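Numbering (my numbering), first residue to last: 8 to 487.
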C-alpha cells in the first residue's frame, strides 16, 4: 500500500510543531527567569545605593560626636540610618553592625534582604543586600600653620585684638580632637609676620642661618631741632607737627649705638625664596631690623599656642611694611620635617598615617615692599670709618621700594602659593578688611579652591571664617 507523499508531509509537520511547542515550553522558564534575575539585580543595586547613603549619613553623624560615649555614638548611627530610610525597601529592618576602634575609626555594616519579582519563577524569592561605611576624624590628624599679619595697620580699629580672639578660638576648637591616647592628633604652629618673621635669638649659630657680628657705630650728630611748625603736605590733606632741623657744627654731639640682630630673617635669592629646599643656602638675619613676636613651631600644647597668640602685637619698633611671602614661606617651613624647623612629620609618614597639612594665611593689606635684589654699596657714616652695612646683609633685606615693588611681591606670593599647593598642602586664605581688589584676587587664587578663600569685613566675619576653617580641617569624612 502506497502512502501519499502529501499525507506523510502533513503528519511530519504536526510532529515537528508539537516537539517545538514542548521545547519552547521547556526553554521559556529559564529564559524568563534569567531576564527576571537581571531586573532584580538592577533593583538590588538601587536598594544598596539607597542603603549606602543612609549608612553613610549615620556613620558621619556618629563620627562627629567627639565627646559622646560609644553607646551614644552607636545609638546616633542607627537613628540617622533609620531617618534616612535604610530599611525602606527591605523585607525586614536592616541588621546594623557597628565597630568603634581605639584610634577613633568607625566601621558600620548594614545587611538585609530585598524581595524579588520575576526571579520567583526560579524559586528565588529574596536577595541579600549589604553595604559598608568607614569614617575617620581628620584621618590620622593635621598639622596646621597659622600665618598671621602683624603689621602696624592691624592696630586700626583693634584688628589685632580681633585676630587674637579668632585665632585663640580656632586653636581651642582644633585641639579638642586631641585625647589622652592621641595627644598629637592636631598640632599647630603660629607664624606672625610683617616685613620679616622672627625665628628667635636662640637660632643664632644654626647652620642654616648667617648673622653678621654686632656692629658698634659712633657718629657725629649735628642736627639740632629748631622751631615746631605744622606741615600741611602730609599727602592726605591733614596737618602734622614737625620739627625744623638745622646744622650747627659747634653743637655737634657724638652718638654711639650697636647694630645687633633681633631675630629677624630676610629672604634668600630667587628661586630659593619660593622653595622649601637647600637649607645649605643660608638665610641671612639683617641687623637692626625689627620684626613681630617669635615663630612658635608645631605643638599640641594649648598653653604654648594661646600664649603665642596672646603676645602678638604691633609696636612702635616693628616694621610697618607688609611682605606676604615672608610669612607664607616660613609657615611652609614649619610644616616641613627638614631644617630650619624639624617638628613636622615627613611626607612619607604623613601619607602612611593620613596626616593632612594646612596653612591658614591671613592679611589685612597689600604687599608694600619687595626683596632687595640690587647690590647696596657699604658706606661710612660721618665721623667713623666703620661701614654701616655689608653687601651680604643688605642682599637679604625685603626693603626695595618704588615702581614695580608690589607687582614683584605679588608675583613671588603667587609662585609660593603654587609651590606649596603642589606639595599637597591645603591653603586657606583670609582677607581681613581688605579693600584692594587685586589683593583679594591674589588671596583667592592662592587658596586651594574658591571655597578655601574667605573675605572678612569685620571682627565677627573674621571669627566666622576661622571657625569655618577649623571645621573643614577637623571635618569627618568617609574613608570607605
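Note that CB positions come from ideal geometry on N, CA and C, so glycine has one too.
Everything numeric in this text was worked out from a predicted model, so none of it was measured.
| message | I need the boundaries of the beta strand (DSSP E) containing residue 106, first residue and last residue. | response | 102-107
| To the nearest angstrom, how far is it from the Cα of residue 160 to the Cα of residue 411? | 22 Å
| Among 264, 119, 97 and 477, the one whose alpha carbon lies nearest that of residue 137 | 119
| request: Kindly confirm or deny that the region 452-465 and the region 308-315 touch, where touching means at least three C-beta pairs closer than 8 Å. | output: no
| said: Suppose you measure from the CA of residue 438 to the CA of residue 104; what does that come to, to the nearest Å? | reply: 46 Å
| task | Identify whether residue 185 lies in helix, strand or coil by the three-state DSSP scheme. | result | coil
| message | Measuring only the C-alpha atoms, how far is residue 337 from residue 75? | response | 38 Å
| query | Distance, Cα to Cα, residue 92 vs residue 179? | reply | 36 Å
| query | Can you pull the DSSP bridge partners for residue 210? | reply | Paired residues: none, contrary to the question.
| message | Can you tell me whether residue 429 is buried or exposed? The criterion is at least 16 other CB atoms within 10 Å of its CB, across all chains shown. | response | exposed
| said: Is it the case that the region 294-301 contacts the region 368-379, given that we only count it when at least three CB pairs across the two stretches are under 8 Å? | reply: no
| So who's on the other strand from residue 205, going by DSSP bridges? | 271
| task | Can you tell me which of the three DSSP states residue 470 falls into? | result | helix
| Beta-carbon contacts of residue 341 that lie in its chain and below 8 Å, excluding the five residues immediately before and after | 152, 196, 198, 302, 304, 305, 348, 350 and 351
| said: Here's the rule I'm using: 16 or more other beta-carbon atoms within 10 Å means buried, otherwise exposed. How should residue 164 be labelled? | reply: exposed
| Residue ranges of each alpha helix (DSSP H) run of no fewer than 4 residues wholly in the region 435-482, ordered along the chain? | 444-453 and 466-481
| query | Should residue 264 go down as buried or exposed, given a rule of 16 or more other Cβ atoms within 10 Å for buried? | reply | exposed
| field | Option in 449, 440, 453 and 454 with minimal Cα separation from residue 467 | value | 440
| query | Between residue 442 and the rest of its own chain, which residues show a CB-CB distance below 8 Å, the 5 nearest in sequence each way excluded? | reply | none
| query | Comparing alpha-carbon positions, which option in 321, 117, 420 and 408 lies nearest residue 446? | reply | 420
| field | Distance between residue 64 and residue 141 (C-alpha atoms, nearest Å) | value | 11 Å
| field | Between the CA atoms of residue 61 and residue 90 - distance to the nearest angstrom | value | 8 Å
| Alpha-carbon spacing of residue 353 relative to residue 131, whole angstroms | 55 Å
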